[in-house]
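Here the working numbering runs 146 ahead of the position in the sequence shown, where the first position is 1. Remarks on the structure that follows.
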Amino acid sequence: MIKKLYLKHETPFCIGLIILYVVLNSLCLQNYETIHWQSAVINLAFCAALAVLTLHLNKTAFYGLTRVRNAKACLYFLPLAVIASVNLWGGVCVQNTAAQILCHVIMMLCVGFIEEMIFRGYLFRMMEKDNLRLAMVVSALTFGIGHIVNLLNGEPLVPTLLQLCYATAIGWLFVVLFRKTGSLWPCIITHGVLNALSIFNVENDRLLYIASALLIVVSLGYAEFIRRSGKETAE
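So this is what it looks like as structure tokens:
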């Protein structure tokens, strides 16, 4: 029944997934300090449900849950390590209990999987058959602009606006990378690790601007290199 619903109403299905995720995750972030383990469980459950749905639709390879191709042409993904490590550039700060750190890591690894599947998997794949370029742009923009909900969760204006900019650049890189390799795993892993390491971030206003600029430059530069380095993987 789910498969029939998906095939008949693919667009509202994808939009519904995005809305459901944004609402649930906003509630998790708003109450994270007091219910951190529940937030981890909710995201873990959403992650599992999305994986089961993809398996049920028999579209694991189509949505990027498959082996990586063209790793050499992508410099073996070494620039992704730079992006994933950004939260450690200013040093390491441990201010949470072991249980809180564990819950945060689980939650953020799940967020990496969920967001890549939604924005680079379902949304992008839904749109690319009609207009590939538009699908790539929308995938990157919706991912970046979607971070504006952080304002509703109490985040400061300037860091959130900067996050919108570099998240859009990273979103563009990830969709280019997906097209090149046919796999979402490099994107999922990088995204998850980047988010998970945020719990060790040292607050530094000057570094915030520098790191944001470097993330944009590295992401867009690497995306352009990948785009020019040969044919993309055909599905």
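Even for Gly, the Cβ is constructed at its ideal location relative to N, Cα and C. Please read these numbers as outputs of a predicted model, since none were measured by experiment.
Candidates the options: which alpha carbon is nearest residue i's?
i, options, result
"S318", "V283, T200, M272", "Per the sequence presented here, residue 318 reads as Trp, with Ser not at that position. Comparing Cα positions, the closest option is V283."
"F346", "R266, A357, I291, L234", "L234"
"F320", "L310, A357, E262, K275", "E262"
"N216", "P332, L360, S185", "P332"
"S329", "C174, A195, A244, F259", "F259"
"I164", "T243, L224, V295", "V295"
"A244", "W183, S375, E349", "W183"
"T157", "V169, F324, D276, L224", "D276"
Within 10 angstroms of its Cβ, does residue i collect 16 or more other Cβ (buried), or is it exposed?
i, result
"V198", "exposed"
"T200", "buried"
"C193", "buried"
"S344", "exposed"
"R298", "Note on residue identity: the sequence assigns Leu, not Arg, to residue 298. So L298 ends up on the exposed side."
"H293", "buried"
"Y167", "buried"
"R271", "buried"
"N189", "buried"
"V209", "With the sequence shown as reference, residue 209 is identified as Tyr, and Val is not the correct amino acid for it. Per the 10 Å Cβ criterion, buried."
"K154", "exposed"
"V238", "exposed"
"Y222", "exposed"
"M253", "buried"
"V257", "buried"
"N171", "buried"
"A191", "exposed"
"A369", "buried"
What does a CB cutoff of less than 8 Å around residue i pick up in its chain, not counting 5 residues either side in sequence?
i, result
"R373", "V322, K326"
"P305", "L354"
Alpha helix (DSSP H) containing residue i: first to last residue?
i, result
"K205", "Looking at the DSSP string, K205 is not in any alpha helix (DSSP H), and its letter there is neither H nor E."
"I247", "244-261"
"F371", "351-374"
"W318", "303-327"
"G338", "331-342"
"G210", "Per DSSP, G210 belongs to no alpha helix (DSSP H) and is neither H nor E."
"V283", "278-291"
"I294", "I294 -> no alpha helix (DSSP H), and no H or E assigned at all."
"Y152", "148-154"
"V228", "224-230"
"F265", "Careful: F265 lies outside any alpha helix (DSSP H) and carries neither H nor E."
Excluding the 5 residues preceding and the 5 following residue i in the sequence, name in chain order all residues of the same chain whose CB lies nearer than 7 Å to its CB.
i, result
"L255", "G338, A342"
"Y152", "F159, L203"
"K149", "H202, L203"
"A315", "L361, I362, S365, L366"
"L280", "M273"
"R213", "S329"
Under 6 Å Cβ to Cβ from residue i, same chain only, skipping five residues before and after it: list those, please.
i, result
"Y312", "S358, L361, I362"
"Q309", "H293"
When the Cβ atoms of the segment 223-241 are set against those of the segment 331-348, are three or more pairs found closer than 8 Å?
yes
Counting beta carbon pairs with one atom in the segment 265-272 and one in the segment 284-292, are three or more of them shorter than 8 Å?
yes
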